[in-house]
Amino acid sequence: ILIANCIVLAPMVMNGHAGTKYGVPFPVLARSAFGIRGANVPGVMRALVGCGWFGIQTHVGGQAIYAIVRSAVTGGATTAA
């Protein structure tokens, strides 16, 4: 996991550095690399990843809220499943 994170970290840092250095968002940087129409591809890919992460975080958050409410209603008692 550490090696994979380091591999992914390098392009993320380079992308973030260019954005903060020049004060331009990702779509503008993508246009310079892929052209006006080509920049839609990485934009849609980022949107799909964002939708996936939203779904995962919503699922995990819902499970946490369910566990908290269940614990509060049952007085902290849990059942062996």
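1212 is the number of the first residue of the sequence shown in this note's numbering; add one for each residue after it.
Every residue gets a Cβ at the ideal spot worked out from N, C-alpha and C, and that includes glycine.
Status (buried if at least 16 other CB within 10 Å, exposed otherwise) for residue i
i     : result
A1241 : buried
N-terminal and C-terminal residue of the alpha helix (DSSP H) that residue i is part of
i     : result
I1218 : L1213 to Y1233
P1236 : Where P1236 is concerned, there is no enclosing alpha helix (DSSP H), given that its DSSP letter is neither H nor E.
A1293 : Absent from the structure is residue 1293, since the part of the chain shown begins at 1212 and ends at 1292.
Cβ-Cβ distance between residue i and residue j below 8 Å
i     : j     : result
V1252 : F1245 : yes
A1250 : P1236 : no
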